[in-house]
Structure formats: C-alpha cells, structure tokens
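Some notes on the structure that comes next.
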Amino acid sequence: MTLQAHIDPDWRDVGALTDIPERGARRVATAQGDVAVFRTGDGKVFALVDRCPHKHGPLSQGIVHGHGVTCPLHSWVIDLATGRPTGADAGKGCTPIVPVRIKDGRVLLAQPVAAG
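Start counting at 1 in the sequence shown, then tack on 36, and there's your number in our numbering.
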C-alpha cells in the first residue's frame with residue numbers, strides 16, 4: 037500500500053479499502069514509523085503502530101481474528117480498537133492507535149502522517 041494524494045488536510049489517503057483483505061492487514065510507511073491497517077471479517081478498519089508492546093513484533097504480519105490481532109513473535113493478542121493486550125497479558129503495555137476512516141472506498145489515516 038502506498039501513500040496517495042490528500043483528500044482533505046486532516047487526513048491522508050493511504051490506499052483503497054479493497055487493498056486490505058478481510059481478516060488481513062497492510063503496512064504503511066510513515067515519517068513517524070510503520071502503521072498497520074487492519075480489516076476485520078465484519079468489515080471494520082483499524083490502524084495501530086506496527087509494533088507489539090511486548091517484543092516489538094510486526095503486528096501487520098499477525099493473524100487477525102474478531103477485533104484482535106495475534107503478534108507473530110510471541111502470540112500476544114492485541115485489541116484493535118484500544119491497542120491493549122488481552123487475556124493473561126492485559127495491562128502489560130499498549131500499542132498506539134492511529135485514527136482511521138473510510139471515505140469513498142479509500143482508507144484515510146489522521147494527520148500527522150507524512151510519506152516515509
């Protein structure tokens with residue numbers, strides 16, 4: 037997924053919704069670091085900094101299930117809405133969330149997000 041032109045000054049277009057498979061993710065490089073954009077089986081879209089709070093595993097390579105993603109390194113489950121680990125790992129850190137919205141079939145990330 038590559039960064040596209042601005043749709044409005046507060047949001048950056050990072051690609052088509054259809055570029056993200058259901059129950060999958062795409063990584064977007066930004067000046068602030070990589071962002072993982074997730075699409076759940078029920079069609080919701082979430083974005084997190086692409087880094088597990090445990091050992092900094094790439095969440096964009098994890099398994100998406102429900103509204104969570106399992107880190108590929110040590111199987112921590114991260115809630116996509118909050119960035120917080122769930123289950124036995126709850127309370128052990130947090131992955132920052134990135135505001136995301138869909139407009140006209142395009143995925144938009146809140147600024148500040150600059151091309152990386």
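Beta carbons are placed, not taken as given, at the ideal position from N, Cα and C, and that holds for glycine.
Check: Does the Cβ-Cβ distance between residue 84 and residue 72 come in under 7 Å?
Finding: Counted from its first residue, the sequence shown places residue 84 at position 48. Counted from its first residue, the sequence shown places residue 72 at position 36. Cβ atoms of residue 84 and residue 72: closer than 7 Å.
Notebook entry, point to check: For residue 127, does the count of other Cβ atoms within 10 angstroms reach 16, so buried, or fall short, so exposed?
Noted result: Position 91 of the sequence shown, counted from the first residue, corresponds to residue 127. Exposed, by the Cβ-count rule.
Notebook entry, point to check: For residue 102, which three-state DSSP category applies?
Noted result: Reading the sequence shown from its first residue, position 66 is the one you call residue 102. DSSP places residue 102 in coil when its eight states are reduced to three.
Margin query: Counting beta carbon pairs with one atom in the segment 91 to 102 and one in the segment 56 to 69, are three or more of them shorter than 8 Å?
Written below: Under the three-pair Cβ rule at 8 Å, the segment 56 to 69 counts as touching the segment 91 to 102.
Margin query: I'd like the ranges of any beta strand (DSSP E) spanning at least 3 consecutive residues and lying wholly in the segment 63 to 104.
Written below: 71 to 75, 81 to 85, 99 to 101
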